[in-house]
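Q: In the working numbering, the protein residues as written are 12 to 386.
Beta carbons: idealized from backbone N, C-alpha and C, even for Gly.
Please read these numbers as outputs of a predicted model, since none were measured by experiment.
Take a look at the following structure, please.
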Amino acid sequence: MKKLLITSLVAAAISTAVQAEDKANDKWVAGFAEYYLTDESESGAPNFLDNGTGIGAEFGYRFAPEWATRLEFSHLNIDASPADESGNRVGVDALYFLPEDLLYVFGGVKYTKIVDGGSMFNLGLGKHWNVNDDVAVITEIAAYQGIDDSNDTHVGFKFGLAYTFGGTSTSTTSADTDSDGVANGQDNCPGTAYGTSVDAYGCALVADVAPAAVVTDTDTDTDGDGVADDLDECANTPSTDVVDATGCGVFIEEEVSSNIEVLFANNSSVVTNPNDSQFQDFVDFMNRYPSADALIEGHSSAPGAADYNMYLSQKRADAIRTLLVEQYGVDADRLTTQGYGETQLLDTANTAEANKKNRRIIAIVSASERVKLQK
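Spelled out as structure tokens, the structure:
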């Protein structure tokens, strides 16, 4: 029965391919309780061992988006005859987190000493159920196979509480030093004068305007645009328009844009509001400017390893792109994605509210429109 359980665990680990999300704080510590089933062969003389319970602790380190390692210690109390037995188990595991962390698969080596000591391989499945950014409930099932002189197979069920920490960093690239509406990390023209109209890269929109002719007291300027009638090639230009030396209105190419702002749940790349009206408004804008392309930016909160947050933010951006293509019919070639991880935080405070604000998507589409320059 227990050997069949090991086979089932392996099969489940191979066949599970789902899309969910988990956080990746660098490190965690946890305490747990355990229900432990010994091998049936150990319930006979001279040991008369049965099942039992245990408590333990672990320290884990997640060094990559998919991979972590941990050190585990547990104290086991086993029902036995003529007297109950107790002992310790210590060992190390490698953990592989499946895509978006619906589950993790783990395996390792343990040394267990109850009556006699021995080494075991172990294999199992587990999940961290996030309570908030720092606390998670742990559930696991594991099978232990003897590798010394015994072929005993044991099974353990674990329930615990973990506290995650480490990996928090802040970034100044989200600051906007020159207050032009473009974050420093994207601003190609720092120091732009306040109030200047700028493009998506923080550079001023400049019109090449020739100076208008000077009107003297003896000249007639019927339309009041500052250009004498005998030089005015565009009569009746409104006096509020900026004109060139010939009295004709000046036009500039101005950026017009539409955007989507989506907040995500903690450690999730699932779009929970796919029918929100902002998606259709965004698509309508793209249809109005068929030559315009859109950039979908993904962002994460600060807690967690930087490389994992970059991976997470990219998945969020890709999720919005998939929604726009599959549900709203946008040409996939018009949409590009970029994950920025934690490099452009809106709020650098280490609070749940700040983390919620930072877990976001910003989709921007820009187009050029010929606009008459006003005085």
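Pick helix, strand or coil for residue 97, following the three-state DSSP scheme.
A: DSSP places residue 97 in strand when its eight states are reduced to three.
Q: If contacts are defined as beta-carbon pairs under 8 Å, then residue 98 and residue 87 qualify, I think. What distance do you get, rounded to the angstrom?
A: Rounded to the nearest angstrom, the Cβ distance from residue 98 to residue 87 is 6 Å, consistent with a contact under 8 Å.
Q: Is it buried or exposed for residue 124, if we count other Cβ within 10 angstroms and need 16 for buried?
A: exposed
Q: Could you please give me the residues that DSSP links to residue 104 through a beta bridge?
A: Beta-bridge analysis with DSSP links residue 104 to 81, 119.
Q: Answer yes or no: do residue 41 and residue 69 have a C-beta to C-beta separation smaller than 8 Å?
A: yes
Q: Taking the alpha helix (DSSP H) that residue 335 falls in, what are its first and last residues?
A: 317-337
Q: Is it right to say residue 294 is buried, meaning 16 or more other beta carbons lie within 10 angstroms of its own, or is it exposed?
A: buried
Q: Name the two residues that bound the continuous alpha helix (DSSP H) containing residue 141.
A: Element bounds for residue 141: not the alpha helix (DSSP H) but the beta strand (DSSP E), 128-141.
Q: Look at the Cβ atom of residue 376, then the Cβ atom of residue 303, and state whether they are nearer than 8 Å.
A: The criterion of a C-beta distance shorter than 8 Å is satisfied by residue 376 and residue 303.
Q: For the 8 Å Cβ check, are there 3 or more pairs between the stretch 354-369 and the stretch 326-344?
A: no
Q: Terminal residues of the continuous beta strand (DSSP E) containing residue 308?
A: For residue 308, the uninterrupted beta strand (DSSP E) run begins and ends at 305-310, by DSSP.
Q: In this structure, how does DSSP classify residue 111 when only helix, strand and coil are distinguished?
A: helix
Q: Could you give the residue range of the beta strand (DSSP E) that holds residue 238?
A: Note, residue 238: premise wrong, no beta strand (DSSP E); not H, not E.
Q: For residue 354 and residue 152, I'd like the C-alpha separation in whole angstroms.
A: 37 Å
Q: Any idea what DSSP makes of residue 219, helix, strand or coil?
A: In this prediction, residue 219 has a pLDDT of 39, which is less than 50 and means its spatial position is unreliable; nothing more can be read from the coordinates.
Q: So, with DSSP's three-state summary, where would you put residue 353?
A: coil
Q: Alpha carbon to alpha carbon, how far is residue 35 from residue 94?
A: Since pLDDT at residue 35 reaches only 48, below the 50 mark, its modelled position is unreliable, and the value read off the structure follows with that caveat. Roughly 44 Å between the two C-alpha positions.
Q: Determine whether the beta carbon atoms of residue 64 and residue 83 lie at a separation below 8 Å.
A: Their beta carbons are not under 8 Å apart, which means residue 64 does not touch residue 83 by this criterion.
Q: At the level of alpha carbons, what is the spacing between residue 164 and residue 272?
A: 52 Å
Q: Quick check: is any heavy atom of the ligand NAP less than 7 Å from the C-beta of residue 336?
A: Looking for the ligand NAP in the displayed structure turns up nothing, as the structure carries no ligands at all.
Q: Return the bridge partner residues of residue 169 from the DSSP annotation.
A: Per DSSP, 45, 151.
Q: Give the DSSP-derived three-state secondary structure of residue 280 in the structure shown.
A: coil
Q: Find out if the Cβ-Cβ distance for the pair residue 80, residue 112 is shorter than 8 Å.
A: no
Q: In three-state terms, what does DSSP make of residue 244?
A: coil
Q: On the DSSP bridge list, what partners appear for residue 38?
A: Note: residue 38 sits in a beta bridge opposite 72, 176.
Q: Which residue comes first and which comes last in the alpha helix (DSSP H) that contains residue 299?
A: 288-299
Q: Can you name the start and end residues of the alpha helix (DSSP H) that residue 361 belongs to?
A: Residue 361 -> no alpha helix (DSSP H), and no H or E assigned at all.
Q: Could you tell me which residues DSSP pairs with residue 88 in its beta bridges?
A: 64, 97
Q: Near residue 147, which residues of its chain fall below 7 Å by C-beta distance, leaving aside the five closest residues on each side in sequence?
A: Answer for residue 147: 139, 140, 141, 173, 175, listed in chain order.
Q: Using the DSSP secondary-structure output, state which residues sit across from residue 374 in a beta bridge.
A: 271, 307
Q: Should residue 141 be flagged as near chain C, meaning a C-beta pair shorter than 8 Å?
A: Although the question refers to chain C, the structure presented lacks it and comprises just one protein chain.
Q: With three or more beta-carbon pairs closer than 8 Å as the criterion, would you say the stretch 306-326 touches the stretch 366-373?
A: Yes, the stretch 306-326 touches the stretch 366-373.
Q: On a CA-only basis, which of 157, 171, 242, 352 is nearest residue 317? Give me that one, please.
A: Cα-wise, what sits closest to residue 317 is 352.
Q: Work out the CA separation of residue 117 and residue 321 for me, nearest whole Å.
A: 24 Å
Q: Since I believe residue 149 is in contact with residue 43 (beta carbons under 8 Å), could you give me their beta-carbon distance rounded to a whole number of angstroms?
A: Taking C-beta atoms under 8 Å as the contact rule, residue 43 and residue 149 qualify, at a distance of about 6 Å.
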